[in-house]
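Chains as they are written, first to last, in this note's numbering: chain A, 1 to 461; chain B, 1001 to 1469.
Cβ atoms here follow ideal geometry from the backbone N, Cα and C, with glycine treated the same way.
To keep things clear, I will list the structure first and then write my remarks on it.
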Amino acid sequence: MSVIKKHKFADLVHIEQLRKIESNKAKDLSYASIKDMQTHTTNDFSYPDFIHRLATRAKRLIQDNALEDRLRQPQQQFVRVSRICLVVAAILGGLAASQAVSESSILNIYWLLAVLLGFNTISLLLWISGITLNLQSLSSGIAAQLASWLPYREKKTPTIASLASRAWWESCLTGDVGKWRISVLTHKFWLTYLTAGMGLLILLMLAKQYNFIWGTTLLPDSSLPRLTHILGTPLEAMGLKIPDDPQTVASRIGAGKQDAETRGAWANFLIGSLLIYGILPRLLLLSLSLVMQKWSEYRFKLDLYLPYYIELRQRLMARELKAKVIDADPNAGIKPAAVARPPENVSIPANAQAFGIELDQATHWPESVTCRLNIIDQQSHDEAIALIKNVKGPLLLGVAAHRLPDRGVQRLIKELVDSTAEKPWLILLNKPSAPVASAREFAWFRLAEACSIPAEHVITQ
Amino acid sequence: MMIVSNPNRPDNYSLLNVAVVGHTNTGKTSLIRTMLRSTEFGVIEDAAGTTRHVEQAAISADNEPILNLYDTPGLEDSRALAAHIRKLHTKLKSLPPVQILEHFVTRVSVNDPLEQEAKVIRQILRSDILLYIIDVREPFLEKYRLELDILTQSAKPMIPVFNFIAGHNQELAKWRQHLAMYNIHATLEFDTVAFTFEAEKRLYQKIQSLVESHYTPLQKLIDHRAKLWNQLCLSGAKRVTELIVNVACYRESKATQNNRIADSLTEDRLHDFVRKAEQRCLHDLLSIFNFSEKDVAIQKIPVSNGHWQLDIFAPGILKAYGLDVGSAAAKGAAAGAGIDLMVGGMSLGAASALGAIAGAGWSTFRRYGDEIKATVQGAKWQCADEITLQILYLRQKHLLKKLMHRGHAAQDTMKVDTADTEKLPDNWSKLTSALRQNPAWQEPTVTRNNNPQYQEIEARLVGALLDEG
């Protein structure tokens, strides 16, 4: 038996897309290529086996109906929109950096940090709270929502392409997979924004000499130097030179000229902060999201309780019945000879000697007849034979019509019939609580024939 | 690697061999069908000697075969058989009973009147355990006693299985008494027509206690079967839930003007939708429980070509369910969608507050956009009303229950018309109104299935459907 490999997420998405299309537009599809797909039989149902069959079926249907492009389209659209988002992010990052640099070669350090890192941090906090509280609207920002919306447009009269988009959107942009896919896009967006901003800053600082200043309107004067100190501690630990207190004080807005050392220290501080507080966390979260996306794609399962899959399961995965005849019937295929229904309204012969065959208490004889003996075992059988040999008058054998004439009963009746010199009669007795099927009656007629009881001697009630 | 079969040791030597024996027409093939959950095994007919050969079928757990079941011809002439064996006893006094049976089966000719009985005894001697099927509706006659005598001579463990017990308690008690006189107490009730999984489980447990050497594989089989059975019932209940959700969430927009023709068209479309949805559900339920459509035609379930003969909107149906016939709603009249705009307004407000940063506004608009638009335009929706949903639920619950208790040997007509014994789940109206509020749930989507509110509704409906109390 071949081992079936774990199916890819893309296969599952294709299956889901086909499900959407088939549930709405089955008439537009050609099923020629899967007609010959044989039912796969197994003893027990196995999920990978079934998915494998579904994937094969999907592949053939896609090829047959040239759906490849239309199924791939939503993914391509998503990639395209993501790229647009990233370009927008790069432009925004560049704009933010260039805004902080004034014409007069002065670089406002905290304004720059607020624009580049501040928004990033707010969005990061929102993302984290969204992920921890499982609120997708918080964790995915505008850009990601936009990117996820564009491929998905609901239509009143769906086309194959719109159904394919919808299915793709549902399986790739919702649920766990969607949460992490959108997170990836969000982190990429901010990473591009920060990288573009930082890149532009580095270029500007390479080409021009900037004086770094800071200033605040609302906060006390000591707050920003303290912030510089706090933010700078990890940078210092990494061996970067950051502005010391006198240098910071000297950089207060309007404080005058700056020496090269102070400028260098501020530039270190700026680039270091962007790296440590902006790019690095985003990179880490990006890789986490990528891993989580792959993991959730790996764990993605089709909802096999859906009617569509129940139907396909029945068609593709019929249960195998492992049965074989091991001790054959030598007379197999021989049908019993047909018997005629005896005439109706045969009257009970006068002076009949009545014997019952395995009757129970609930089975009653017609009032005109008295049963001499009910044969239930060997002893009563022997007694009956002895009686029959001695009595005069027609022999009337009563059987319960609802019960089954088996070979044992047939042999018993034959023995009784053989031991009488008189004409034998058979009466089918009814029990009020047990209806008699016509097949059952015919079985009795056949028995009568086999025991040489003529058809006109069979009485039905 | 090729496995070379050894003629002295069959491939399945370690498998437990279970012979199903009994008088003719007691339901031996039926028992096997029910255990296999298949309507395809063997031939079932209400006649003597329907099965005239020995047929083997394997039962496996997780694709690992655990036991072989052997369907045997019915014993028909046990008195002749007993007499014959008695004769052999007197002739071969020195031989133990088992060897006398062996002597009998090796010497019987093809045309012997006892050839069919010989087949049964041959299989008994090859098996590890016997299931002796009893039709309790039959009186305890001498011929059955003789059958038991002969089976006992084979020196194999035997479990008498009472079949057709539904509604025959007195007869069952009598059979128990008689068997007790023969010192047979370990019996089993297993109705092949009115099936319960519990009985099947007990059957395996009984076998387990009698054939100790196969304890572990049998336990595996019991566990596997229980798992499958739960999945089966869950699948059925989920399918019905899907139908209820599908119909409850469905809505058809209605023209603003009072146009009677357009209204009746809308009504027709709604009726058509509900009927078709129910038919699809029936079809799926049958296939979940492995009753094929072909089987349905034979079994005369009130369905023709997979269609309900009963029409959910037919006048009599409502009465059968004890529901109000006079209700205008029963005609499928509009039961306003009643969208709570407060909810929409609140989340819109909250969303626009966050919207600038989080962009949640879009999703809210996507959800309530239609309703807001409709309110502005004064449009209305028509949806399946409360009574329709109730009938649908009650009928499907009844059907599901019947399918869960239908043996694969059942030949009777399955009537699914009155279901006054079924109850609606608690908080039914809360559940349905919640469903109505969410028309987007009509189609199965990942978003819907991940929605906690939906999950709760689904769990409640599934729970209520599977609740047999």
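Counting the other Cβ atoms within 10 Å of the Cβ of G278/A gives 16 or more, which makes it buried.
Using a Cβ-Cβ cut-off of 7 angstroms, L321/A counts as an interface residue toward chain B, since at least one Cβ of chain B sits closer than that to its own. Proximity to L185/A across L290/A, I242/A, N108/A peaks at L290/A, based on C-alpha coordinates. With a threshold of 16 other beta carbon atoms within 10 Å, M1181/B falls short and is exposed.
Between H1168/B and R1202/B, the C-beta spacing is not below 7 angstroms. E1468/B and N1438/B have their alpha carbons spaced roughly 29 angstroms apart. Exclusion of the five residues before and after K188/A leaves L86, L286 as the residues of its chain whose Cβ lies within less than 7 angstroms of its Cβ. Straight through space, the alpha carbons of I182/A and S162/A are spaced by roughly 21 angstroms.
Comparing C-alpha distances from L274/A to each of K431/A, T192/A, Q17/A, A167/A shows the shortest one belongs to T192/A. Between W214/A and S123/A, the beta carbon gap of about 24 angstroms keeps them out of contact (Cβ cut-off 8 angstroms).
When beta bridges are read from the DSSP output, W425/A appears opposite L396/A. K179/A is the residue among H229/A, D245/A, K179/A, R252/A whose C-alpha sits nearest the C-alpha of K294/A. E22/A has a beta carbon lying at 7 angstroms or more from every beta carbon in chain B.
The C-beta of G408/A has 16 or more other C-beta atoms within 10 Å across all chains shown, which makes the residue buried. Counting along the chain, I385/A sits inside no beta strand (DSSP E); it lies in the alpha helix (DSSP H) bounded by residues 378-390.
If the five residues before and after K431/A are omitted, its C-beta is found closer than 7 angstroms to the C-beta atoms of A362, T363, A400, H402, all from its own chain and listed in chain order. Using a Cβ-Cβ cut-off of 7 angstroms, L1036/B is close to L321 of chain A, given in chain order. The beta strand (DSSP E) runs lying completely inside the region 72-134 of chain A and spanning 3 residues or more are 106-108, given in chain order. Distance check between L1399/B and each of L1435/B, C1233/B, Q1170/B, N1449/B places C1233/B closest, using alpha-carbon atoms only. Interface residue (Cβ-Cβ distance to chain B less than 7 angstroms): E170/A is classified as such.
Residue environment: I253/A is assigned as exposed (fewer than 16 neighbouring CB atoms within 10 Å of its CB, all protein chains considered).
For Y1070/B, there is no enclosing alpha helix (DSSP H); the enclosing beta strand (DSSP E) has its first and last residue at 1064-1071. Going by beta carbons, R19/A and Y308/A fall inside the 7 angstroms limit.
For S1038/B, same chain residues with a beta-carbon under 7 angstroms away, outside a window of 5 residues either side, are N1290, H1408 in chain order. If you look at G1027/B, you'll find it isn't in any beta strand (DSSP E); DSSP assigns it neither H nor E. Of all residues in the region 1116-1146 of chain B, those with a C-beta nearer than 7 angstroms to a C-beta of chain A are K1119, R1122, Q1123, P1139, L1141, E1142, K1143, reading in chain order. The three-state secondary structure of R252/A, taken from DSSP, is strand. Residues of the region 417-437 of chain A with a C-beta less than 9 angstroms from any C-beta of chain B: A434, A437, listed in chain order.
Of the candidates I1129/B, T1072/B, F1273/B, I1129/B places its Cα closest to the Cα of V1018/B. Following the DSSP letters along the chain, one finds E1055/B inside the beta strand (DSSP E) bounded by residues 1054-1061. Three or more beta-carbon pairs drawn from the region 1114-1121 of chain B and the region 1070-1087 of chain B are found closer than 8 angstroms, and the two stretches are therefore classed as touching.
If you draw a straight line from the Cα of L204/A to the Cα of A267/A, it comes to about 11 angstroms.
Taken in chain order, the whole alpha helix (DSSP H) runs of length 4 or more contained in the region 148-221 of chain A are 160-173, 175-207.
Q1382/B is the residue among A1173/B, Q1382/B, P1160/B whose C-alpha sits nearest the C-alpha of S1264/B. Within chain B, no C-beta atom comes nearer than 7 angstroms to that of L316/A; the closest sits roughly 12 angstroms away. Rounded to the nearest whole angstrom, the C-alpha separation of K389/A and D418/A is 10 angstroms.
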